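Trainee:
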Amino acid sequence: MARRVKIGLQAAAVLVVGLLVALLAWQVIRTDKGRALASKVASGQKPQAPVFSLDRLDGQGTLSLADLRGKAVVVNFWASWCAPCKDEAPTLETAWQKWRDQDVVVVGVDLQDLSSDARRFVERYELTYPALRDKHNWTWGRYGLSGLPETWFVDREGRLVGEHVEGPVTAEELDRNIRIALRRA
Amino acid sequence: MKAALTAALLLALGAAGTVAASEQKPTLPELERELICPTCHESLAVSSSPIADRMRSFIRARIAAGDTKSEIKSKLVDQFGESVLAAPPKHGFNLLAWLLPFAGLGLGGAALAVLARRWSRAREDAVPTDPSGNGRGPLDPELERRLDEELARFDA
Numbered sequence: 001m002a003r004r005v006k007i008g009l010q011a012a013a014v015l016v017v018g019l020l021v022a023l024l025a026w027q028v029i030r031t032d033k034g035r036a037l038a039s040k041v042a043s044g045q046k047p048q049a050p051v052f053s054l055d056r057l058d059g060q061g062t063l064s065l066a067d068l069r070g071k072a073v074v075v076n077f078w079a080s081w082c083a084p085c086k087d088e089a090p091t092l093e094t095a096w097q098k099w100r101d102q103d104v105v106v107v108g109v110d111l112q113d114l115s116s117d118a119r120r121f122v123e124r125y126e127l128t129y130p131a132l133r134d135k136h137n138w139t140w141g142r143y144g145l146s147g148l149p150e151t152w153f154v155d156r157e158g159r160l161v162g163e164h165v166e167g168p169v170t171a172e173e174l175d176r177n178i179r180i181a182l183r184r185a
Numbered sequence: 186m187k188a189a190l191t192a193a194l195l196l197a198l199g200a201a202g203t204v205a206a207s208e209q210k211p212t213l214p215e216l217e218r219e220l221i222c223p224t225c226h227e228s229l230a231v232s233s234s235p236i237a238d239r240m241r242s243f244i245r246a247r248i249a250a251g252d253t254k255s256e257i258k259s260k261l262v263d264q265f266g267e268s269v270l271a272a273p274p275k276h277g278f279n280l281l282a283w284l285l286p287f288a289g290l291g292l293g294g295a296a297l298a299v300l301a302r303r304w305s306r307a308r309e310d311a312v313p314t315d316p317s318g319n320g321r322g323p324l325d326p327e328l329e330r331r332l333d334e335e336l337a338r339f340d341a
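Protein chains in written order, with my numbering: chain U, 1 to 185; chain P, 186 to 341.
Here's what the structure looks like:
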């Protein structure tokens with residue numbers, strides 16, 4: 001009886017340790033997957049963009065990346081407290097106005113921020129492109145973000161293409177990468 | 186004994202009163218200790234990141250508006266997720282984070298108790314129980330025979 005209890009306890013201990021190791025491995029793999037996207041894009045590969053569905057900052061429902069299939073999408077990650085985000089906001093708005101009639105959508109994803117601050121930011125810089133709120137930092141790990149702002153380009157098939165821009169994006173980078181994202185495969 | 190019990194009761198009541206007061210009228214420093222900066226993952230009490238400053242402003246405004254500690258924390262969780270809390274909430278899956286250390290301590294303690302009992306029993310078995318042995322165990326028969334022979338030779 002005592003031997004059976006001992007074996008049972010040992011099995012339970014091994015199971016608990018196994019579960020903890022599996023949890024750690026899952027977390028490491030998930031983080032690495034996001035980080036691997038940048039190197040894949042840099043080497044010319046076109047990995048699928050992690051799909052997100054997030055609340056709109058203006059409270060008008062949600063927007064999913066999957067709904068934008070067939071269009072070129074500029075995904076810009078930002079926060080209201082981030083100084084370079086303030087510098088690039090007018091550039092993104094200009095690009096949106098320039099390209100919006102040519103199957104291009106600019107999407108701003110606000111992270112690690114207070115919604116009220118983010119709304120004020122949108123008003124202050126008169127941004128008219130869709131601004132989404134990622135309250136739970138869902139996109140941070142999946143896109144392998146290392147700071148804000150960062151910009152990715154998604155082609156019509158929902159794949160990441162062109163350059164992954166870390167830091168404020170310029171008008172030239174936007175035009176160049178939007179053209180790449182618009183190319184038909 | 187009665188005085189000690191009364192003192193303990195008064196202390197417990199005092200602590201409960203402090204907790205209730207802290208819940209109703211929280212201060213910025215105590216909330217800073219219970220929250221984490223979402224960008225640098227340090228305690229809000231030591232973080233100097235821009236979002237930490239914004240969070241402090243938000244907390245000050247909510248305290249001034251008369252929010253309780255739970256309400257303020259709940260609003261920040263709504264903005265940043267549960268990872269903004271320094272300690273996981275005591276419900277759902279997060280309850281495990283509170284229970285597992287105690288379960289581990291309990292299991293460890295039980296295992297130590299069983300081992301200690303086994304060791305002491307093993308020592309008891311090794312120690313002779315005959316008081317006339319004067320702290321020594323019975324001699325091996327072969328050794329006793331050889332000792333008798335040596336003594337006989339010595340006497341001779």
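Glycine residues also receive a C-beta, built at the ideal position from the N, C-alpha and C atoms.
Predicted model only: the values in this text are computed from it and were never measured.
Suppose the cutoff is 8 Å on Cβ atoms and the five residues either side in sequence are ignored; what does the same chain contact list for S228(P) look like?
Mentor: Only E217, R218, L220, I221, C222, A271 meet the Cβ criterion.
Trainee: Going by beta carbon distance, what residues of the same chain come within less than 8 Å of E208(P), once the five residues before and after it are set aside?
Mentor: Within the same chain, E208(P) has close Cβ partners T253, K254, S255.
Trainee: For N190(U) versus G162(U), is the C-beta spacing smaller than 8 Å?
Mentor: Residue 190(U) lies beyond the stretch modelled for chain U, which goes from 1 to 185, so this question has no answer here.
Trainee: Give me, in chain order, the residues of the same chain whose beta-carbon lies closer than 7 Å to that of A282(P); leave out the 5 immediate sequence neighbours on both sides.
Mentor: Correct list, in chain order: P273.
Trainee: Going residue by residue through the region 70-111 of chain U, where are the continuous beta strand (DSSP E) segments of at least 3 residues, counting only ones entirely within it?
Mentor: With a minimum length of 3 residues, the continuous beta strand (DSSP E) runs that stay inside the region 70-111 of chain U are 72-78, 104-111.
Trainee: If you reduce the DSSP assignment to three classes, tell me which class Q60(U) lands in.
Mentor: Three-state DSSP puts Q60(U) in coil, outside helix and strand.
Trainee: Tell me which residues of the region 208-234 of chain P have at least one Cβ-Cβ distance to chain U shorter than 7 Å, keeping chain order.
Mentor: Those residues of the region 208-234 of chain P that come within reach of chain U (Cβ to Cβ, closer than 7 Å) are P223, T224.
Trainee: Shorter than 8 Å from the beta carbon of R239(P) to some beta carbon of chain U?
Mentor: Yes, contact with chain U.
Trainee: Can you tell me where the alpha helix (DSSP H) with V262(P) in it begins and where it stops?
Mentor: Start and end: 254-265.
Trainee: Over the uninterrupted alpha helix (DSSP H) stretch that includes F339(P), give me the two end residues.
Mentor: Unbroken alpha helix (DSSP H) run through F339(P): 326-340.
Trainee: The beta strand (DSSP E) that contains T151(U), what's its start and end?
Mentor: It spans 150-154 - the beta strand (DSSP E) in which T151(U) sits, taken as one unbroken run.
Trainee: Look at E166(U) and G144(U) and say whether their C-beta atoms are less than 8 Å apart.
Mentor: Their beta carbons are not under 8 Å apart, which means E166(U) does not touch G144(U) by this criterion.
Trainee: Pull up the distance between the alpha-carbon of N279(P) and that of P286(P), whole angstroms please.
Mentor: Answer to the nearest angstrom: the Cα atoms are 12 Å apart.
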